[in-house]
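Position in the sequence shown (from 1) plus 7 gives the number in the numbering used here.
Backbone N, C-alpha and C define an ideal beta-carbon position, used for all residues, glycine too.
Remember, it's a predicted structure, so these values are computed and weren't measured experimentally.
First the structure, in the form of structure tokens, and then the observations on it.
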Amino acid sequence: FAAARGVDRGDVRDFAAQPGFGVAATVDGARVLLGSQQLLEGNDVDCSELLRLVDRLRQEGKTAVLVAIDGAFAGVIAVADTIKASAPAAVARLHAMGLRVMMITGDHATVANAIAAQLGIDRVLAEVLPQDKADQVKSLQRQGLVVAMVGDGINDAPALAQADIGIAMGAGTDVAIESADIVLVGEDLGLAADALRLSRATLRTIKQNLFWAFVYNAIGIPVAAGVLYPAFGILLSPMIGAAAMAFSSVSVIANSLRLRRWR
Numbered sequence: 008f009a010a011a012r013g014v015d016r017g018d019v020r021d022f023a024a025q026p027g028f029g030v031a032a033t034v035d036g037a038r039v040l041l042g043s044q045q046l047l048e049g050n051d052v053d054c055s056e057l058l059r060l061v062d063r064l065r066q067e068g069k070t071a072v073l074v075a076i077d078g079a080f081a082g083v084i085a086v087a088d089t090i091k092a093s094a095p096a097a098v099a100r101l102h103a104m105g106l107r108v109m110m111i112t113g114d115h116a117t118v119a120n121a122i123a124a125q126l127g128i129d130r131v132l133a134e135v136l137p138q139d140k141a142d143q144v145k146s147l148q149r150q151g152l153v154v155a156m157v158g159d160g161i162n163d164a165p166a167l168a169q170a171d172i173g174i175a176m177g178a179g180t181d182v183a184i185e186s187a188d189i190v191l192v193g194e195d196l197g198l199a200a201d202a203l204r205l206s207r208a209t210l211r212t213i214k215q216n217l218f219w220a221f222v223y224n225a226i227g228i229p230v231a232a233g234v235l236y237p238a239f240g241i242l243l244s245p246m247i248g249a250a251a252m253a254f255s256s257v258s259v260i261a262n263s264l265r266l267r268r269w270r
């Protein structure tokens with residue numbers, strides 16, 4: 008970005024990143040802070056003169072990145088994530104499935120709530136530091152909730168591992184992919200809803216198979232053992248019994264194969 012505009016990056020020394028807050032470095036002899044309001048105030052920088060602008064940017068769904076040089080407030084850089092085109096429909100589908108949708112983010116609460124309002128998200132957990140995301144998932148689990156976490160970044164990896172179901176976007180980082188239970192191919196958030204629907208269909212099929220296998224054996228085994236022979240004269244020959252057992256297995260397999268036609 009700087010090179011495209013003919014700006015020399017200068018002599019950078021003592022670079023340090025503070026996850027969740029920002030970065031600090033010495034550039035051409037000047038101490039530069041770049042990050043959140045907490046970062047600057049923690050270094051005794053007075054940010055009061057532009058806080059009204061910062062609040063307005065946040066209400067617009069933009070993250071305000073504050074800049075200080077040698078202990079003096081220097082300006083604000085506004086950045087914003089582009090909402091994926093598939094996100095609104097994905098959230099609506101999850102709601103239609105009876106699920107609550109939450110957002111865990113390190114962004115300021117005002118920014119996060121503005122984005123959540125556009126997407127119809129039920130609850131926002133904002134200003135969560137990277138190392139605390141897994142703790143937020145644990146807190147939800149302690150409330151008796153089953154948590155599926157969707158993420159793609161390095162900071163999401165611990166939360167993905169902690170969640171009951173970790174879902175990583177295929178275009179995400181390797182660490183996130185390795186921590187997840189499910190990896191989606193592509194960046195379409197609607198695939199998360201597809202994965203959950205397929206999981207429900209699979210579980211439903213398993214329960215159907217177990218039910219019919221139990222009923223089949225509960226009826227077939229006593230008949231094959233001759234329970235009905237004294238009263239009704241009904242008795243299965245070994246050949247018919249073997250064929251009936253094979254049919255039981257075939258019916259379970261055929262029911263499972265219906266998942267291949269799932270859409």
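Along the alpha helix (DSSP H) that carries residue i, what are the first and last residues, could you check?
| i | result |
| --- | --- |
| D35 | Neither: D35 is in no alpha helix (DSSP H) and is coded neither H nor E. |
| R59 | L58 to Q66 |
| A168 | A164 to Q169 |
| V135 | No alpha helix (DSSP H) holds V135; DSSP gives it neither H nor E. |
| V144 | K140 to R149 |
| G173 | Unbroken run through G173 is the beta strand (DSSP E), I172 to M176; no alpha helix (DSSP H). |
| E48 | Q44 to G49 |
| G222 | For the record, residue 222 in the displayed sequence is Val; it is not Gly. Its alpha helix (DSSP H) spans residues G197 to A231. |
| I247 | P245 to L264 |
| I184 | D181 to S186 |
| F239 | Y236 to F239 |
Residue i: buried (16+ other C-beta within 10 angstroms of its C-beta) or exposed?
| i | result |
| --- | --- |
| P165 | buried |
| K69 | buried |
| M104 | exposed |
| T112 | buried |
| I122 | buried |
| K214 | exposed |
| G179 | buried |
| A250 | exposed |
| D159 | buried |
| M156 | buried |
| A97 | buried |
| N50 | exposed |
| G29 | buried |
| L266 | exposed |
| R100 | buried |
| A183 | buried |
| A141 | buried |
| D53 | exposed |
| G42 | buried |
| A119 | buried |
| V61 | buried |
Which residues mark the beginning and the end of the beta strand (DSSP E) in which residue i is found?
| i | result |
| --- | --- |
| L191 | I189 to L191 |
| R20 | V19 to Q25 |
| V157 | A155 to G158 |
Please tell me whether residue i and residue j are closer than 9 Å, where the distance is taken between their beta carbons.
| i | j | result |
| --- | --- | --- |
| V192 | I174 | no |
| V153 | D129 | no |
| L80 | E56 | For clarity, residue 80 is Phe in the given sequence; the question names Leu instead. Cβ distance < 9 Å, so F80 and E56 count as in contact. |
| S93 | L203 | no |
| N262 | T212 | yes |
| I90 | A71 | no |
| A168 | S186 | yes |
| Q5 | L64 | Because the chain spans 8 through 270 in this model, residue 5 falls outside it and cannot be assessed. |
| L217 | W269 | no |
| A10 | V19 | no |
| G17 | V34 | yes |
| M109 | L147 | yes |
| A37 | I76 | yes |
| L273 | L47 | It is not possible to answer for residue 273, since the shown part of the chain is limited to 8 through 270. |
| P26 | Q138 | yes |
Does residue i get closer than 9 Å to chain B when you measure Cβ to Cβ?
| i | result |
| --- | --- |
| A24 | Note that chain B does not occur in the displayed structure, where there is just one protein chain. |
Unbroken alpha helix (DSSP H) runs of length 4 or more, entirely within the region 73-132: which are they?
94-103 and 116-126
Three or more beta-carbon pairs under 8 Å between the region 134-141 and the region 233-252, yes or no?
With a cut-off of 8 Å on Cβ pairs, the region 134-141 is not in contact with the region 233-252, counting fewer than three such pairs.
Is the region 216-229 touching the region 251-259, taking contact as three or more C-beta pairs under 8 Å?
yes
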